[in-house]
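Trainee:
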Amino acid sequence: MALENLQPASVFKFFEEICSIPHGSGNVDMISDYLVKFASDRNLDVTQDAEKNVIIKAPGSKGYEDKEPVILQGHMDMVAVKEPDADIDMTRDGLKVTTDGEYVWAEGTSLGGDDGIAVAYCLALLDSGDIPHPPLEVVITTNEETGMYGAAAIDLSGLKSRKLINIDNEEEGVFIVSCAGGARVYSELELPREKVSGLKCRILVRDLLGGHSGEMIKCGRGNANIIAARTLLDALSQTGVNLISIKGGVADNAIPSMASAEFIIGADKEDDVKKSVGTTLEHLKAELEGKDDNVDISFETEGEVSDEEAFTLYDSVRLLKLICVYPDGVQAMSAQVEGLVETSLNLGILKTDGNKVTIEQSVRSSVESSKAFLIDKLTCIGEAFGAKVSVSGRYPGWKYNSKSELREHMVSVYRKLYGKDPKVMAIHAGLECGLLSEKIEGLDCISIGPDMDDIHSTSERLSVKSAANVWDFLKACLE
Ligand SMILES: [Zn+2]
7 MALENLQPAS VFKFFEEICS IPHGSGNVDM ISDYLVKFAS DRNLDVTQDA EKNVIIKAPG
67 SKGYEDKEPV ILQGHMDMVA VKEPDADIDM TRDGLKVTTD GEYVWAEGTS LGGDDGIAVA
127 YCLALLDSGD IPHPPLEVVI TTNEETGMYG AAAIDLSGLK SRKLINIDNE EEGVFIVSCA
187 GGARVYSELE LPREKVSGLK CRILVRDLLG GHSGEMIKCG RGNANIIAAR TLLDALSQTG
247 VNLISIKGGV ADNAIPSMAS AEFIIGADKE DDVKKSVGTT LEHLKAELEG KDDNVDISFE
307 TEGEVSDEEA FTLYDSVRLL KLICVYPDGV QAMSAQVEGL VETSLNLGIL KTDGNKVTIE
367 QSVRSSVESS KAFLIDKLTC IGEAFGAKVS VSGRYPGWKY NSKSELREHM VSVYRKLYGK
427 DPKVMAIHAG LECGLLSEKI EGLDCISIGP DMDDIHSTSE RLSVKSAANV WDFLKACLE
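Shown next, in the form of structure tokens:
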């Protein structure tokens with residue numbers, strides 16, 4: 007056991023067990039069954055649904071049997087990423103968990119502290135005989151990271167509690183009390199190809215910072231997909247551009263840091279286009295100064311081609327203009343919460359597949375009507391350019407509750423323990439609290455969690471001290 011000397015021992019024991027079971031999003035059967043077995047072995051009431059969500063109920067501890075029940079909630083899936091040379095199959099192998107006493111991480115892969123630590127806290131509580139707590143309803147959802155599919159489908163009608171502590175935040179001392187809703191918008195264009203002759207070229211937009219499209223959108227970083235389209239749109243003043251393909255980005259909710267395009271220009275236009283690309287890059291360097299300083303665009307030629315299949319000039323221009331015309335980035339700031347982005351969007355993925363180009367955007371807003379209007383706007387613009395626009399993965403925002411007993415209680419416990427106030431915050435990112443709040447009338451929610459760095463990446467690490475602090479805090483709140 008790599009973590010056996012860490013405190014709290016019970017929490018890290020279960021955390022290590024969870025890490026030994028593969029549980030990337032979409033691969034949750036084993037972890038879900040493990041949770042069911044954990045509960046059955048302890049004679050706890052447990053249900054597992056078709057989405058593999060697990061609900062475990064436990065009576066209150068001695069003297070707390072008649073207290074108001076509380077929901078503890080987290081998600082069992084993790085973002086499974088590994089370094090290219092890591093010798094591990096994350097669909098079948100457990101993680102190589104390790105520690106230096108200060109942090110816990112996994113060798114060569116993400117750790118899944120997000121959100122394995124929540125599951126470990128819940129199991130440690132349910133397993134202990136001596137921690138005072140009210141009746142518990144533990145809700146562990148699936149496939150949060152790929153679109154909150156578990157939370158969207160879960161049936162909570164059998165729960166008695168009206169108070170929910172979500173343990174899916176990554177900063178100790180920060181209580182999340184409101185989050186944005188979102189949706190994914192797909193624009194598909196069918197573009198005819200024709201045989202084109204000329205000089206085949208390629209641009210590569212790279213070295214942008216990227217980042218999570220919720221947290222980082224307010225930083226004004228460059229979007230590689232849009233920069234690629236803009237670069238070619240600029241080049242159109244020099245020559246015709248027949249696109250062969252354009253692609254970039256890895257997820258709708260990540261600001262793309264890299265994009266590329268292949269295209270054909272007039273055979274004698276190399277110098278003109280090279281100059282044009284240089285000018286676009288100069289403009290971008292100036293615009294992104296202090297926001298995304300390393301932006302780079304490389305331009306390469308691959309020699310003359312004849313009769314190469316490429317999109318017609320008209321359709322190439324139609325696509326490039328659509329990408330550039332779409333709004334992107336911050337659309338509105340909150341007037342109630344200083345510094346909070348209210349509405350934003352991110353053109354996360356651009357891909358070419360035969361004659362079809364798909365544009366994928368992630369839309370967020372803490373105001374439902376603004377989210378709906380932004381989706382309408384994208385639909386209108388897309389359709390005006392001949393795209394087929396569809397929407398999926400809609401999830402509701404989580405509205406700030408001005409009279410939250412749960413928040414008041416937890417703030418006062420925090421003050422008593424640490425002699426200072428926690429940071430109570432709204433975020434411009436999604437949490438399951440929005441979906442869950444829709445399912446229980448009058449649900450009072452809060453989101454907390456221990457310090458974690460670089461979640462969703464191979465540098466993810468969990469602070470041992472912070473995991474212990476949040477454990478103590480959680481126990482004090484339940485008591
Ligand atoms: Zn999470």
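Be aware that the sequence shown starts at 7, since it is given in my numbering, and climbs by one per residue. Even glycine gets a Cβ: it sits at the ideal position worked out from N, Cα and C. Note that the structure is a prediction, hence the values are computed from the model and not measured.
Would you check whether ligand 1 has a heavy atom nearer than 7 Å to the C-beta of histidine 218?
Mentor: False, no ligand heavy atom lies under 7 Å from that Cβ.
Trainee: In the DSSP assignment, find the alpha helix (DSSP H) that holds threonine 385 and state where it starts and stops.
Mentor: Here the alpha helix (DSSP H) through threonine 385 covers 374-390.
Trainee: Closest by CA to alanine 186, which one among Ala435, Lys471, Lys362?
Mentor: Of the listed residues, the one whose Cα sits closest to alanine 186 is Ala435.
Trainee: Going by other Cβ atoms of all chains shown within 10 Å of its Cβ, with 16 needed for buried, is cysteine 386 buried or exposed?
Mentor: Exposed, since its Cβ has fewer than 16 Cβ neighbours within 10 Å.
Trainee: Rounding to the nearest angstrom, what Cα-Cα distance links proline 456 and alanine 112 in this structure?
Mentor: Their Cα atoms are separated by approximately 17 Å.
Trainee: On a CA-only basis, which of Gly448, Gly135, Asn231 is nearest isoleucine 365? Give me that one, please.
Mentor: Ranking the options by Cα distance to isoleucine 365, first place goes to Asn231.
Trainee: Should the region 255-265 be called in touch with the region 348-361, which here means at least 3 C-beta pairs below 8 Å?
Mentor: Segments in contact, yes.
Trainee: Going by DSSP, what residue range makes up the alpha helix (DSSP H) through glutamate 414?
Mentor: Unbroken alpha helix (DSSP H) run through glutamate 414: 411-424.
Trainee: Which residues does DSSP pair with lysine 404 in a beta bridge?
Mentor: Residue 404 is actually tryptophan in this sequence, not lysine. Answer by DSSP bridge pairing, in chain order: Cys185.
Trainee: When you compare only the Cα positions, how much space is there between methionine 96 and serine 465?
Mentor: When rounded, the distance between both Cα atoms is 16 Å.
Trainee: Taking glutamate 200 as the reference, which of Ala157, Ile250, Asp133, Asp161 has the closest Cα?
Mentor: Residue Ile250 is the option with its Cα nearest to glutamate 200.
Trainee: Which first and last residues belong to the beta strand (DSSP E) in which alanine 124 is found?
Mentor: Run containing alanine 124: none in the beta strand (DSSP E); it sits in the alpha helix (DSSP H), 119-133.
Trainee: Going residue by residue through the region 284-341, where are the continuous beta strand (DSSP E) segments of at least 3 residues, counting only ones entirely within it?
Mentor: Counting whole runs of 3 or more residues, the region 284-341 contains the beta strand (DSSP E) stretches 302-317, 335-339.
Trainee: Does glutamate 293 pass the burial test, meaning 16 or more other C-beta atoms within 10 Å, or should it be called exposed?
Mentor: It is exposed - the Cβ of glutamate 293 has fewer than 16 other Cβ atoms within 10 Å.
Trainee: How about glutamate 306: is its Cβ closer than 7 Å to a heavy atom in ligand 1?
Mentor: No; taking the cut-off as 7 Å, the Cβ of glutamate 306 has no heavy atom of ligand 1 nearer than that.
Trainee: With DSSP collapsed to three states, give me the class of valine 52.
Mentor: Here valine 52 sits in strand by DSSP.
Trainee: Given that a residue counts as buried once 16 or more other Cβ atoms are within 10 Å of its Cβ, and exposed if not, what is threonine 148?
Mentor: Classification for threonine 148: buried.
Trainee: Any contact between the region 138-154 and the region 8-25? By contact I mean 3 or more CB pairs, one from each, below 8 Å.
Mentor: No, the region 138-154 is not in contact with the region 8-25.
Trainee: If contacts are defined as beta-carbon pairs under 8 Å, then valine 470 and glutamate 108 qualify, I think. What distance do you get, rounded to the angstrom?
Mentor: Yes, valine 470 and glutamate 108 are in contact; Cβ-Cβ is about 6 Å, under 8 Å.
Trainee: For glutamate 150, verify whether its CB is less than 7 Å away from any heavy atom of ligand 1.
Mentor: True, at least one ligand heavy atom lies under 7 Å from that Cβ.
Trainee: Using C-beta distances below 6 Å, list every residue in its chain close to lysine 394, excluding the 5 sequence neighbours before and after it, in chain order.
Mentor: Hits under 6 Å: Glu194.
Trainee: Taking the DSSP output, what are the residues bridged to serine 368?
Mentor: The partner list for serine 368 (beta bridge, DSSP) reads Arg190, Asn352.
Trainee: Could you tell me the boundaries of the alpha helix (DSSP H) in which alanine 241 lies?
Mentor: Run containing alanine 241: 230-241, per the alpha helix (DSSP H) assignment.
Trainee: Quick check: what's the CA-CA separation for glutamate 288 versus threonine 307?
Mentor: The alpha-carbon atoms of glutamate 288 and threonine 307 are separated by roughly 20 Å.
Trainee: Under 5 Å, CB to any heavy atom of ligand 1. Which residues pass, going along the chain?
Mentor: Selection output, chain order preserved: Asp120, Asp121, Asp174.
Trainee: So asparagine 59 and isoleucine 146 are in contact, right, with Cβ under 8 Å, and what is the actual spacing, rounded?
Mentor: About 7 Å; that satisfies the 8 Å criterion.
Trainee: Below 8 Å, how does it come out for the region 218-226 and the region 390-404: are there three or more Cβ pairs, yes or no?
Mentor: With a cut-off of 8 Å, the region 390-404 and the region 218-226 do not count as touching, because too few Cβ pairs lie within range.
Trainee: If I measure Cβ to Cβ from leucine 326 and keep anything under 6 Å in the same chain, skipping five residues before and after, which residues do I get?
Mentor: If we look at leucine 326 and ignore the five residues flanking it on each side, its Cβ neighbours are Ala235, Leu238, Leu239.
Trainee: Measuring straight from C-alpha to C-alpha, what distance separates valine 103 and leucine 437?
Mentor: If I take the Cα positions, the gap works out to 26 Å.
Trainee: Compute the distance between the beta-carbons of leucine 423 and lysine 169, then report whether it is under 8 Å.
Mentor: No, they are not a contact pair.
Trainee: On a CA-only basis, which of Ile271, Arg227, Gly228 is nearest alanine 241? Give me that one, please.
Mentor: Among Ile271, Arg227, Gly228, the Cα nearest to that of alanine 241 is on Ile271.
Trainee: Report the residue from Ile123, Pro198, Ala338 whose alpha carbon sits nearest the alpha carbon of aspartate 359.
Mentor: Checked all of Ile123, Pro198, Ala338; the closest Cα to aspartate 359 is Pro198.
Trainee: Quick check on the DSSP output: the beta strand (DSSP E) that includes alanine 112 runs from which residue to which?
Mentor: Here the beta strand (DSSP E) through alanine 112 covers 109-112.
Trainee: Mapping the DSSP letters down to three states, classify aspartate 258 as helix, strand or coil.
Mentor: Correct three-state label for aspartate 258: coil.
Trainee: Enumerate in chain order the residues of its own chain whose CB-to-CB distance from glutamate 276 is below 7 Å, with the five nearest sequence positions on each side excluded.
Mentor: Result list for glutamate 276: Leu205, Thr307, in chain order.
Trainee: Following the continuous beta strand (DSSP E) through glutamate 89, name the residue where it begins and the one where it ends.
Mentor: Counting along the chain, glutamate 89 falls outside any beta strand (DSSP E), and DSSP gives it neither H nor E.
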